[in-house]
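Undergrad: Numbering (the working numbering), first residue to last: 18 to 198.
Below, the structure written as structure tokens:
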């Protein structure tokens, strides 16, 4: 059986990147309403952003679902990184993030329900992510990722499609830190 390597259609990566940026802005906007009295969870915000991207014809349902999953994963990664970091939010606030990025994370943290059940959910998501890893060809947020096969570390300075490992060609990574930490 001959297997062909899948090649990305021209412009597909840029379309996903733009979709990721647009949907993350919409999630941020939806979470800002938390302060105005209307309670939105991250799930609600992701669903609204996904539906808007499809309604406007920016993305297909599959693309919007894919990006919503990537956004959820990235927000959970940031939350978990902050839980694990000793300096936490103080250290993060001292980094060179844009005002919009800082506001987005503040909204996410403000919307988070700090109950034991929610922390357990985040912990389970982290453990699952550590087992399954992040795969080449998927969208990921800024940060450092270690190739599970050879240990090579790649750095993404912004949301991008994860490339195959430049060292061994492997396709599975584990997140070792967020770009904001």
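Where is the CB? At the ideal position from N, CA and C, for every residue including glycine. Just so it is clear, the structure is predicted and the values come from calculations on it, not from any experiment.
#1: Excluding five sequence neighbours on each side, which residues of the same chain lie with their C-beta closer than 6 Å to the C-beta of residue 17?
#2: Between the Cα of residue 182 and those of 91, 170 and 77, spot the shortest distance and give me the residue it belongs to.
#3: Look at the alpha carbon of residue 88 and the alpha carbon of residue 62, and state the distance between them as a whole number of angstroms.
#4: Which residues in the same chain have their Cβ closer than 8 Å to the Cβ of residue 43, if we skip the five residues on either side of it in sequence?
#5: How about residue 35 and residue 75: do their beta carbons lie closer than 9 Å?
#6: If you check the beta carbons only, do residue 37 and residue 153 fall under 9 Å apart?
#7: For residue 177, does the three-state DSSP call read helix, strand or coil?
#8: So which of 155, 187, 186 and 159 has the shortest CA-CA distance to residue 178?
#9: Quick one: Cα of residue 196 to Cα of residue 72, how far?
#10: By alpha-carbon positions, which one of 185, 39, 172 and 49 ends up nearest to residue 80?
#11: Give the secondary structure of residue 165 by DSSP, where H, G and I count as helix, E and B as strand, and everything else as coil.
TA: Concretely, from the data shown:
#1: Any property of residue 17 remains undetermined from this structure, which presents the chain solely from 18 to 198.
#2: 170
#3: 11 Å
#4: 62, 65, 66, 69 and 70
#5: Taking 9 Å as the cut-off, the Cβ atoms of residue 35 and residue 75 count as close.
#6: No. Outside cutoff.
#7: strand
#8: 155
#9: Bear in mind that the predicted position of residue 196 carries a pLDDT of just 47, short of 50, making it too unreliable to give a figure here.
#10: 39
#11: coil
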